[in-house]
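For the record, the sequence lines run as chains A and B. For the record, in the first sequence the residue sitting at position 152 is 152 according to this note's numbering, with numbers rising by one throughout. For the record, in the second sequence the residue sitting at position 343 is 1343 according to this note's numbering, with numbers rising by one throughout. Here a beta-carbon is modelled for each residue, glycine too, at the ideal position from N, C-alpha and C. Worksheet for the structure shown next.
Protein chains: 2
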Amino acid sequence: MQKLKHVEEQRGAGRAQILETIRKAGNIARIDIAKETLVSPATVTAITSELMDAGLIEEITPEGPRQKAKRGRPRVALKIRGDAYPVAGIKVARESVSVLIVDFEGNELVAWDSDLKDPMMSPDVLAQEIYEAVKGACDAIDMHPSELSAVGVGLAGLIDAPRSFVHWSPSLNSRNVDIGAAFSQKFECPVLVENDANLVAKAEQLFGLGRNVSNFVVITIEHGVGMGIVIDDKIYRGSRGCGAEFGHAKVQLEGALCQCGQRGCLEAYIGDYALLREANAVNIGHPIADLPSLWELAQTGNPPAQSIFDRAGRMFAMGLANVVNIFDPEVIILAGHRAAFDHLNLVGIMEELKGHVVKVDAPLTEIKAHQWGDKMWAKGAAAYALDGFSALKIREMSISAA
Amino acid sequence: MQKLKHVEEQRGAGRAQILETIRKAGNIARIDIAKETLVSPATVTAITSELMDAGLIEEITPEGPRQKAKRGRPRVALKIRGDAYPVAGIKVARESVSVLIVDFEGNELVAWDSDLKDPMMSPDVLAQEIYEAVKGACDAIDMHPSELSAVGVGLAGLIDAPRSFVHWSPSLNSRNVDIGAAFSQKFECPVLVENDANLVAKAEQLFGLGRNVSNFVVITIEHGVGMGIVIDDKIYRGSRGCGAEFGHAKVQLEGALCQCGQRGCLEAYIGDYALLREANAVNIGHPIADLPSLWELAQTGNPPAQSIFDRAGRMFAMGLANVVNIFDPEVIILAGHRAAFDHLNLVGIMEELKGHVVKVDAPLTEIKAHQWGDKMWAKGAAAYALDGFSALKIREMSISAA
């Protein structure tokens, strides 16, 4: 039995590898799959037949003029079966839920946004809000949510993705939530949850500045500070789903008090609330309600306002330098949907960074800002749902074979 | 040609995979290799035949009584050819060079230490010192250095291992050294150089506390502070060989001056020199020459001495917490050959750490101290040489086939 299980695991890995090869290639002949993967032609034939039976892939006969002119049997290629399994990607932000529904090839079917009543809620209310947003998106294309094959959800916070477990999220009013259970009350299909910054990393890898980069780091600034790490082309999650906590890396022993209750976190020096706290603790001229007002004040030359942004920028540079000192990634992508990095003074940060990064006579890690809309987060979530659904389907095939 | 090159790359990857499978298994039949790797039996037969021709593996007929009693053809297995290619592993410390010569199966043939005249030298002198130490080890077993197939060298500093290039090392009196060129003046075989903390990580993975752990971090404290990172069972080097610079991660903006010339590095708070600098800047009773004297003074209850160790321990805890916040590894191994961690008060550090690590209701990353001798460093270097030599040999086979 042990032996059989091992063989089935290998078979599952082979199915995943071949499906990924087809997805990457767009379309590809069986013999080329065998060459790409080193899997024997006989096994490729067997596995691709299983994948076809499962409806994941289909045969096509490329119809180019060159092919037509050739004699003999037409060359048959395999591709992902686009209309097979539609999935939805979701990004939960403070004020809204963004939904993107794509077909199994990743083509967009519909994008949809809906407002959130409250930024923080119970797991059941969150599941309901997401369900309603998905319903809205489905209605727009005459589809029913029950037709979805999988849903990928990006949440801020500490997420143990393989267990669909939320250690903590700013969107939830309780800790240690089995969010999978809450979702399964609303959705018939599997719902895969993941840290939202990891989904941005996934989107950057597939569609953005992370294409063809094996090792990179994404930093997101919204209300909090997020981080996604890609190592050897894979999202790095840490052993408990608690890695990549850039915002809560400590930049000063016994430093400023953070929202999380600890002292000296980077977020307590660069988050919106940290800057407003400083501004409102001194007589800066008038009460400051939001970051744009404080930024405007700094632009007019107000010294305390300038000092606040100056320190925030220097602390941010020190945090980035530590990412370079530890990871030495090829690129750090600062990803955000607002002018989130303007006030952090990127030019100054690059100069500051040089004083903190271990000195070598080699070009410094590139730091690139990438501004995008909320759709990009949802796009990452949809790609995650496609991956997750394929993995589930392949596991299902293995179980039925065993 | 492009196509041919691609196929040869795949073939090389197949050879490496099969060699690794054999090394891990100890001995294994061809059919089991095919099952393990999903490579077709025909390709396994072809590749293992190439590996035998190259002298990397050999056939054995297991001679257990059960086999003998069976009828028919005896089952033939493959194993690494032990006496094929001896290699040497070297660790360069401040005062000595340690050498370990092993056979191609990794069995120790001889261990040897020799003193260094000077901790810092020119590349040519370093190559000469290493050559003499290797010669000493070889003499002890009636071997000549020219019989070695590869040498692995562990150096402190910033090493771009794939290029055999040293950005900076405390053992060298110049920066930006093509150390490969210096070594090739002395040795006939390939010399592979690597950051020494990465070799400790390799040794922990093969022989120590990192066995069966996919994601772990090793921290070494000698004169400086080193770090090795293992992610998904592989050493993570960073894009320029400048990752894992734990000692130069910044723990305070505009903080204490470090040996490296920057301010606020962790090393500037926990390195020997940092503690002695503090001790000798105040009237602590009498001049302090070394760390053991300062530690003894603290043990007698001297408040400034206690305060110095207290802050060092807290800064170290904050640095470790940031490793947990960013990597969330399963284990952090504190590896050293002296009582290097005694004065950093591990019990206190674990308590302190809890206040800096993002709070979840899940067990904290384990932190384990592992004391070992210099032989362990050299053992890591030897394992690195075995890997490196196998890779070179396989590349050679691909070039001759192309």
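Which residues in the same chain have their Cβ closer than 7 Å to the Cβ of residue i, if we skip the five residues on either side of it in sequence?
i: residue 1315 of chain B; result: 1251, 1266, 1269, 1270
i: residue 1160 of chain B; result: 1167, 1240, 1241
i: residue 156 of chain A; result: 169, 170, 171, 196, 224, 226
i: residue 202 of chain A; result: 235, 380, 383, 384
i: residue 339 of chain A; result: With a pLDDT of only 49 at residue 339 of chain A, under 50, the local geometry of the prediction cannot be trusted, and no value is derived from it.
i: residue 1280 of chain B; result: 1287, 1288
Measure the C-alpha to C-alpha separation of residue i and residue j and round it to an integer number of angstroms.
i: residue 1031 of chain B; j: residue 101 of chain A; result: 45 Å
i: residue 333 of chain A; j: residue 355 of chain A; result: 20 Å
i: residue 53 of chain A; j: residue 86 of chain A; result: 18 Å
i: residue 391 of chain A; j: residue 1291 of chain B; result: 55 Å
i: residue 312 of chain A; j: residue 275 of chain A; result: 8 Å
i: residue 1248 of chain B; j: residue 51 of chain A; result: 50 Å
i: residue 237 of chain A; j: residue 153 of chain A; result: 16 Å
i: residue 328 of chain A; j: residue 1358 of chain B; result: 23 Å
i: residue 350 of chain A; j: residue 149 of chain A; result: 45 Å
i: residue 1140 of chain B; j: residue 1055 of chain B; result: 26 Å
i: residue 257 of chain A; j: residue 264 of chain A; result: 6 Å
i: residue 1038 of chain B; j: residue 1214 of chain B; result: 22 Å
i: residue 1067 of chain B; j: residue 218 of chain A; result: Low local confidence applies: a pLDDT of 48 at residue 1067 of chain B is under 50, so the model's placement there is unreliable, and no value is given.
i: residue 369 of chain A; j: residue 164 of chain A; result: 31 Å
i: residue 1124 of chain B; j: residue 1090 of chain B; result: 16 Å
i: residue 57 of chain A; j: residue 1012 of chain B; result: 30 Å
i: residue 1318 of chain B; j: residue 127 of chain A; result: 37 Å
i: residue 1107 of chain B; j: residue 1025 of chain B; result: 16 Å
i: residue 253 of chain A; j: residue 1040 of chain B; result: 57 Å
i: residue 1273 of chain B; j: residue 1344 of chain B; result: 14 Å
i: residue 1278 of chain B; j: residue 1308 of chain B; result: 7 Å
i: residue 322 of chain A; j: residue 220 of chain A; result: 16 Å
i: residue 130 of chain A; j: residue 260 of chain A; result: 26 Å
i: residue 243 of chain A; j: residue 1200 of chain B; result: 23 Å
i: residue 118 of chain A; j: residue 232 of chain A; result: 38 Å
i: residue 1403 of chain B; j: residue 1105 of chain B; result: Look at the range of chain B in this structure, 1001 to 1402, and you will see that residue 1403 of chain B is not part of it.
i: residue 1255 of chain B; j: residue 352 of chain A; result: 14 Å
i: residue 43 of chain A; j: residue 389 of chain A; result: 23 Å
In the DSSP assignment, the beta strand (DSSP E) including residue i goes from what residue to what residue?
i: residue 301 of chain A; result: Element bounds for residue 301 of chain A: n/a, residue is neither H nor E.
i: residue 368 of chain A; result: 366–371
i: residue 1207 of chain B; result: First-last for residue 1207 of chain B: 1196–1207, but that is the alpha helix (DSSP H), not the beta strand (DSSP E).
i: residue 96 of chain A; result: 96–102
i: residue 220 of chain A; result: 216–221
i: residue 1033 of chain B; result: Taken as a continuous stretch (DSSP letters only), residue 1033 of chain B belongs to no beta strand (DSSP E), being part of the alpha helix (DSSP H) at 1030–1037.
i: residue 227 of chain A; result: 225–231
i: residue 1088 of chain B; result: 1087–1092
What residues in its chain sit with their C-beta under 8 Å from that of residue i, if we drop five residues either side in the sequence?
i: residue 29 of chain A; result: 75, 76, 77, 78
i: residue 1331 of chain B; result: 1209, 1210, 1213, 1216, 1217, 1365, 1366, 1367, 1368
i: residue 10 of chain A; result: none
i: residue 27 of chain A; result: 60, 62, 77, 78, 79
i: residue 1262 of chain B; result: 1248, 1250
i: residue 1065 of chain B; result: For residue 1065 of chain B, the pLDDT reaches just 48, beneath the cut-off of 50, and the residue's location in the model is therefore unreliable, although a value from the coordinates is still provided. Around residue 1065 of chain B: no qualifying Cβ.
i: residue 397 of chain A; result: 12, 15, 50, 54
Going by DSSP, what residue range makes up the alpha helix (DSSP H) through residue i?
i: residue 1275 of chain B; result: 1272–1281
i: residue 1130 of chain B; result: 1123–1139
i: residue 180 of chain A; result: 179–186
i: residue 1348 of chain B; result: 1346–1354
i: residue 1050 of chain B; result: 1041–1053
Report yes if the C-beta of residue i is less than 6 Å from at least one heavy atom of the ligand MN; otherwise report no.
i: residue 1171 of chain B; result: Judged by which ligands are present, the structure shown has none, so any question about the ligand MN falls away.
Going along the chain, which residues of its own chain have a beta-carbon closer than 6 Å to the beta-carbon of residue i, five neighbours each way excluded?
i: residue 454 of chain A; result: With chain A represented from 1 up to 402, any question about residue 454 of chain A goes unanswered, as that position is not in the structure.
i: residue 1376 of chain B; result: 1203
Check the Cβ of residue i against every Cβ in chain E and list those closer than 8 Å, keeping chain order.
i: residue 231 of chain A; result: Of the protein chains in the structure, A and B, none is chain E.
Chain-ordered residues of the stretch 1312–1334 of chain B with a beta carbon less than 7 Å from chain A
For the stretch 1312–1334 of chain B, the beta-carbon criterion of a distance under 7 Å to any beta-carbon of chain A is satisfied by 1314, 1315, 1318, 1321, 1322, 1325, 1326, 1327, 1328, 1329, 1330.
Chain B contacts made by the stretch 202–224 of chain A, where a contact means CB separation under 8 Å
So the list reads 215, given in the order they occur along the chain.
Chain-ordered residues of the stretch 1239–1259 of chain B with a beta carbon less than 8 Å from chain A
Of all residues in the stretch 1239–1259 of chain B, only 1239, 1240, 1241, 1242, 1243, 1244, 1245, 1246, 1248, 1249, 1250, 1251, 1252, 1253 come within less than 8 Å of chain A when Cβ atoms are compared, listed by chain position.
Closer than 8 Å is the cut-off here; do at least three beta carbon pairs connect the stretch 199–210 of chain A with the stretch 174–185 of chain A?
By the C-beta criterion, the stretch 199–210 of chain A is judged not to be in contact with the stretch 174–185 of chain A, since fewer than 3 inter-stretch pairs fall below 8 Å.
Members of the stretch 35–49 of chain A that neighbour chain B once the beta carbon cut-off is set at 9 Å:
35, 36, 37, 38, 39, 40, 41, 42, 43
Relative to chain B, which residues along the stretch 136–158 of chain A have a C-beta separation below 8 Å, given in chain order?
158
The stretch 1008–1024 of chain B: positions lying closer than 9 Å to chain A by Cβ
1010, 1011, 1013, 1014, 1017
Against chain B, which members of the stretch 281–315 of chain A pass a CB distance test of less than 7 Å?
314, 315
Residues in the stretch 1171–1199 of chain B having any Cβ partner in chain A nearer than 8 Å
Taken in chain order, the members of the stretch 1171–1199 of chain B whose beta-carbon sits within less than 8 Å of a beta-carbon on chain A are 1175, 1176.
In chain order, what residues of the stretch 263–281 of chain A put their CB closer than 7 Å to some CB of chain B?
none
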